[in-house]
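Numbering-wise, the working numbering comes out as the position in the sequence shown, counting from 1, plus 535.
Here a beta-carbon is modelled for each residue, glycine too, at the ideal position from N, C-alpha and C.
Everything numeric in this text was worked out from a predicted model, so none of it was measured.
Data first, discussion second: the structure below is written as structure tokens.
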Amino acid sequence: SSSRCVVLRYEDFLFRFWDVMVHLSAFLPAHCQKLKESPNAVRSKSHGREVRNRDEALRYYSYLDNRHCDFEEWHLDRMRELCPKLLGALGYQEVPKPEDVYQPHKPVPCSWVPKLLPGDIVAARFQCKSCNCRARGADEGGDGSAEGYCNLGSVWAKVVKESNGAEGCGNEAQDGRNATASVADVELLSEVPREWVAHNPHDWAAVEPVDGSVVSAIDRAGSSMRQQLPRDWLDLRLPKPRILPEADLPLTEEGYRAAVSLRSTPKMAEFILRVSRELIVDGCTLDLDRRKLPGFARWFSGEACVQSLAQIRRELPGKESEGWVKKRPPQPTRCLQVTDKPPAKVDAS
536 SSSRCVVLRY EDFLFRFWDV MVHLSAFLPA HCQKLKESPN AVRSKSHGRE VRNRDEALRY
596 YSYLDNRHCD FEEWHLDRMR ELCPKLLGAL GYQEVPKPED VYQPHKPVPC SWVPKLLPGD
656 IVAARFQCKS CNCRARGADE GGDGSAEGYC NLGSVWAKVV KESNGAEGCG NEAQDGRNAT
716 ASVADVELLS EVPREWVAHN PHDWAAVEPV DGSVVSAIDR AGSSMRQQLP RDWLDLRLPK
776 PRILPEADLP LTEEGYRAAV SLRSTPKMAE FILRVSRELI VDGCTLDLDR RKLPGFARWF
836 SGEACVQSLA QIRRELPGKE SEGWVKKRPP QPTRCLQVTD KPPAKVDAS
């Protein structure tokens with residue numbers, strides 16, 4: 536049915552994987568542990584030389600020139616039959632003229648490539664001092680640089696400094712992440728920072744299996760923890776919400792998803808506390824025991840599960856049976872008492 540149908544751009548699924556999966560969790564049951572695993576990076580098809588894996592697709596579709604370079608003129612004619620308003624609603628630019636498609640241009644990132652901002656967590660190919668890694672990276676890398684990436688696998692990294700440089704090719708994303716520059720300043724991480732109630736050393740520990748632990752892989756490669764890396768070596772996985780501070784997150788589904796992106800059960804507990812203050816049940820407000828609240832919040836923060844704001848509002852009233860949620864009747868309003876007695880006379884003497 537249409538209520539179970541989602542229109543999803545391939546570019547969003549490729550470049551904004553976390554945003555897409557968390558958004559779908561508001562409508563479809565989510566397996567939270569799967570959300571914390573790396574997206575499938577292997578080829579989905581085995582035939583043909585041009586079948587790309589995820590890393591190759593990220594590098595290839597990042598650049599404007601690759602959008603139409605394999606199209607013939609009759610392909611472009613067919614695309615021009617599509618309604619321009621429909622293309623605009625989906626975030627696509629107008630179909631170019633044939634003479635514009637086949638002209639060489641300076642490499643420019645497409646508009647759907649998210650701009651990397653400080654605090655974003657990315658999966659990164661990193662530079663190392665190993666000659667074998669450098670040679671392999673130079674052959675396989677998307678930018679053709681002389682120094683290639685390490686072939687031990689991707690690692691977690693945090694964007695340290697906002698990238699500068701080339702602008703994008705059109706529409707900006709709704710969260711202000713317009714097309715990014717070609718280089719970013721990042722810090723390599725051994726694991727993703729998060730603040731959970733229950734300690735879990737294996738939660739988001741590594742982006743993908745590497746030879747030994749991520750830390751030892753970086754150490755063996757002789758790499759610096761702070762690096763400037765090409766944008767097409769970086770896969771945005773966990774964007775930091777742009778709405779700060781946390782107390783200002785709107786009490787909407789978008790605000791809830793931003794709270795999930797904080798990867799903090801205590802901060803999600805504060806978000807739920809704000810929700811409870813505006814929730815009216817049977818004419819009463821809700822009082823929550825803050826000591827028990829983190830145990831509930833972990834099922835919404837991403838520690839145990841990702842759900843939705845609507846589910847928070849549905850479940851809170853039912854927790855009254857567990858004793859840590861209580862209904863508080865509204866405070867009576869004070870009013871002047873009306874009597875039939877005449878006002879007392881005042882003796883002026």
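State yes or no: is the C-beta of residue i within less than 8 Å of the C-beta of residue j?
| i | j | result |
| --- | --- | --- |
| Lys854 | Phe831 | yes |
| Pro774 | Asp554 | yes |
| Glu788 | Ser843 | yes |
| Lys571 | Trp731 | no |
| Pro867 | Cys819 | no |
| Trp647 | Gly626 | yes |
| Leu621 | Leu549 | no |
| Leu851 | Leu821 | yes |
| Asp824 | Trp859 | yes |
| Pro642 | Asp605 | no |
| Val690 | Leu652 | no |
Taking the beta carbon of residue i as the centre, do at least 16 other beta carbons fall within 10 Å, making it buried, or is it exposed?
| i | result |
| --- | --- |
| Val542 | exposed |
| Arg539 | exposed |
| Tyr596 | buried |
| Gln763 | exposed |
| Trp768 | buried |
| Val841 | buried |
| Val886 | Here the chain covers residues 536 to 884 and nothing more, so residue 886 does not appear. |
| Asp655 | buried |
| Gly700 | The predicted model places Gly700 with a pLDDT of 43, which falls under 50 and marks its position as unreliable, so this point remains unresolved. |
| Ile815 | exposed |
Alpha carbon to alpha carbon, how far is residue i from residue j?
| i | j | result |
| --- | --- | --- |
| Ser579 | Cys663 | 30 Å |
| Glu726 | Asp720 | 18 Å |
| Ala845 | Cys618 | 35 Å |
| Gly837 | Cys567 | 7 Å |
| Ser796 | His558 | 11 Å |
| Ser856 | Lys862 | 11 Å |
| Arg812 | Phe562 | 25 Å |
| Tyr598 | Val694 | 21 Å |
| Cys645 | Lys827 | 47 Å |
| Met760 | Leu611 | 46 Å |
| Ile807 | Val630 | 46 Å |
Residue i bridges to which residues according to DSSP?
| i | result |
| --- | --- |
| Pro765 | Val718 |
| Leu771 | Val657 |
| Pro644 | Tyr598 |
Can you check the segment 788 to 843 for any beta strand (DSSP E) of at least 3 residues that lies completely inside it and give the ranges in chain order? Complete beta strand (DSSP E) runs here, min 3: 820 to 823.
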